[in-house]
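A.B. asks: Numbering (my numbering), first residue to last: -18 to 238. Got a structure for you, questions after.
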Amino acid sequence: MRAVAVHRDVVVVTSRLWQTTAVAVRSGEEAFLVDSPYFPDELELLPELLRQAGFEPVGLLATHADFDHLLGRLAFPDLALGVAETTADRLRAQPGAAQRELRAQDASLYVNRPSPLSLGAFQELPAPGRLDLGEEEVELHPTEGHTADGMALTVRGPGLLMVGDYLSGVEIPVLSPGGSLEAYRATLARLAPLMEAAEVVVPGHGSPLDREEALHVLDEDVDYLDALERGEERPALPPGRASTRQREIHRANLAAV
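Below, the structure is given as structure tokens:
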């Protein structure tokens, strides 16, 4: 696990699995943790890491309902979890799905956990909407397309934009069950002006990006979606995202459109 301060009030934690990111953002004495790392040792270390850095969270947020973004409760079982209304709908419609997917992934990686994932109650948040964080506001923006649910979050003070599973420098756009090409395009269009106002953009997988890097990834993703809509079987994938695994994702995307 790697932890990097991208601003005095923002720490980005990156898991060893899939470069999955979690973000601790603070204002004054309050901090939120957005998303989560994956491995049990990472989750065990996280509370002390954030405490020493002065980022002890008062609440958890998840960008969407994919299991790898919901593990904050394993590190902070007593904190409230906030999710977009669309994510709450998905969790209710698919009870136990995140836990089953986590168990399957753990089994494939020979991972043993000291305790199972229990989401318990969660707070539904409207997106568009706002949350108070100390003297800052966290703005919530809907992000359907990758899945049927989700939200991006902006914090204007540090110039932070957290986008969930979009704008990754290590992964092409993924159309998971419930996602769609049309909705994905709409989300990218919605994110574009938010990126213009941001200093740092944190994707759900991969390194944090500055504004210009994020806009470049956006252009590459739009080009990829154009090729996907045309049904190209072997499109030119972006540099750094042209691996065998990304080709497999493209084939799955083709089957989904």
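C-beta: ideal position from N, C-alpha, C; glycine also. Model, not experiment: these values are computed from the prediction.
As a quick exercise: from Arg228, Ala5, Arg(-3), pick the residue whose alpha carbon is nearest that of Leu142.
C.D. replies: The shortest C-alpha separation from Leu142 is found at Ala5.
A.B. asks: I'd like to know if the region 154 to 166 and the region 120 to 139 are in contact, where contact means that at least 3 CB-CB pairs between them fall below 8 Å.
C.D. replies: Judged by Cβ distances under 8 Å, the region 154 to 166 makes contact with the region 120 to 139, as three or more pairs qualify.
A.B. asks: Let me know the secondary structure DSSP gives Leu243 once reduced to three states.
C.D. replies: Absent from the structure is residue 243, since the part of the chain shown begins at -18 and ends at 238.
A.B. asks: Check whether the region 108 to 125 and the region 89 to 96 are in contact - that is, three or more C-beta pairs closer than 8 Å.
C.D. replies: Not touching, per the Cβ criterion.
A.B. asks: Once you ignore the five residues that flank Glu82 on each side, which residues in its own chain have a CB closer than 6 Å to its CB?
C.D. replies: Closer than 6 Å at the Cβ level, and outside the excluded window around Glu82, lie Phe48.
A.B. asks: When you compare each of Ala178, Gly138, Val183, Pro174 to Gly9 by their alpha carbons, which one comes out closest?
C.D. replies: It is Gly138.
A.B. asks: Are Pro189 and Val181 touching if we call contact CB-CB under 7 Å?
C.D. replies: Yes, they are a contact pair.
A.B. asks: How long is the line joining the alpha carbons of Asp146 and Arg171, rounded to whole angstroms?
C.D. replies: When rounded, the distance between both Cα atoms is 14 Å.
A.B. asks: Could you tell me which of Ala179, Leu148, Val183, Ser224 sits nearest to Asp204, measuring between CA atoms?
C.D. replies: Ranking the options by Cα distance to Asp204, first place goes to Leu148.
A.B. asks: Tell me which residue opens and which closes the beta strand (DSSP E) that Leu52 is part of.
C.D. replies: Premise fails: Leu52 is in no beta strand (DSSP E) and is neither H nor E.
A.B. asks: Given Leu218, which residues of its chain have a CB within under 8 Å of its CB, disregarding the five upstream and five downstream residues?
C.D. replies: Within the same chain, Leu218 has close Cβ partners Ile153, Tyr205, Gln227, Arg228, His231.
A.B. asks: Using DSSP's beta-bridge definition, name the partner residues of Val(-6).
C.D. replies: BP columns for Val(-6) point to Ala(-16), Ala3.
A.B. asks: Which same chain residues, not among the five before or five after Ala164, have their C-beta less than 6 Å away from its C-beta?
C.D. replies: These residues qualify, in order along the chain: Glu125, Gly126.
A.B. asks: Just reading off the alpha helix (DSSP H) that Val203 is part of, what are its end residues?
C.D. replies: First-last of the alpha helix (DSSP H) with Val203: 192 to 211.
A.B. asks: Quick one: is Asp178 buried, meaning 16 or more other Cβ sit within 10 Å of its Cβ, or exposed?
C.D. replies: Here residue 178 is Ala; the residue named in the question, Asp, does not match the sequence. Result: exposed.
A.B. asks: Where do the N-terminal and C-terminal ends of the alpha helix (DSSP H) with His231 fall, by residue?
C.D. replies: Unbroken alpha helix (DSSP H) run through His231: 225 to 237.
A.B. asks: Nearest by alpha-carbon distance to Phe20: which of Leu14, Gly150, Val(-15), Val92 is it?
C.D. replies: Of Leu14, Gly150, Val(-15), Val92, the residue nearest in Cα terms is Val92.
A.B. asks: Since I believe Leu30 is in contact with Ala(-16) (beta carbons under 8 Å), could you give me their beta-carbon distance rounded to a whole number of angstroms?
C.D. replies: Confirmed, Cβ separation roughly 6 Å.
A.B. asks: Bridge partners for Leu172 per DSSP, in chain order?
C.D. replies: Paired residue(s): none; Leu172 is not in a bridge.
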